[in-house]
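Residue 1 is where the sequence shown starts when you use the working numbering, and the numbers rise one by one after that. The structure appears right after this line, and notes come after that.
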Amino acid sequence: DAVLQTIRQTMIMALLGCRANVLSVLKTFCTNYGLPSIRGAHYRPQYPKYVRIVEVGPRDGLQNEKEIVPTDVKIEFINKLSQTGLKSIEVTSFVSPKWVPQMADHSEVLSRIKRVQGISYPVLTPNTKGLMAAVS
Numbered sequence: 001d002a003v004l005q006t007i008r009q010t011m012i013m014a015l016l017g018c019r020a021n022v023l024s025v026l027k028t029f030c031t032n033y034g035l036p037s038i039r040g041a042h043y044r045p046q047y048p049k050y051v052r053i054v055e056v057g058p059r060d061g062l063q064n065e066k067e068i069v070p071t072d073v074k075i076e077f078i079n080k081l082s083q084t085g086l087k088s089i090e091v092t093s094f095v096s097p098k099w100v101p102q103m104a105d106h107s108e109v110l111s112r113i114k115r116v117q118g119i120s121y122p123v124l125t126p127n128t129k130g131l132m133a134a135v136s
């Protein structure tokens with residue numbers, strides 16, 4: 001419980017921008033629990049060796065547009081993104097056209113894009129019905 005309290009206190013101070021207090025709490029926490037100490041401002045968190053960047057513009061960026069973007073424009077957009085070096089491009093969403101009219105052409109977009117080897121083209125399927133539509 002003391003661990004949770006310390007973590008909670010650290011998070012609150014971090015959110016409030018109290019850097020000095022955060023470092024003080026972390027130093028005390030590390031000392032109390034036998035963890036490697038933190039040397040003031042030189043503390044650096046461990047970052048992952050690799051990150052995965054997923055471009056979501058064709059789906060998330062377009063779904064809120066008031067005017068319907070033509071299918072050919074969406075396909076051209078995705079094909080151009082495929083030439084940029086991205087490894088993952090989320091192309092569409094299998095949702096009800098009633099709720100998200102912009103994605104009504106999801107099957108056509110997915111079937112007509114030019115797939116480039118080494119790039120994944122995931123889709124959003126928020127429910128079973130959408131999943132079944134994407135699989136078919």
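Don't be surprised by glycine CBs; every beta carbon is placed ideally from N, CA and C.
Pick from the options that is closest to residue i, judged by C-alpha positions
i    : options                 : result
K114 : V91, M132, K49 and N127 : V91
D60  : V123, S82 and Q83       : V123
Limits of the unbroken alpha helix (DSSP H) element including residue i
i    : result
L62  : Premise fails: L62 is in no alpha helix (DSSP H) and is neither H nor E.
M132 : T128 to V135
E76  : T71 to L81
Check whether residue i and residue j have beta carbons under 8 Å apart
i    : j    : result
I68  : I78  : no
T84  : E108 : no
S136 : K87  : no
P58  : K80  : no
Residue i versus residue j - alpha carbon distance
i    : j    : result
Q102 : R112 : 17 Å
S82  : V116 : 7 Å
N64  : W99  : 11 Å
V134 : Y47  : Position check: residue 134 holds Ala in this sequence, whereas Val was assumed. Computed Cα separation, rounded: 35 Å.
S96  : V54  : 23 Å
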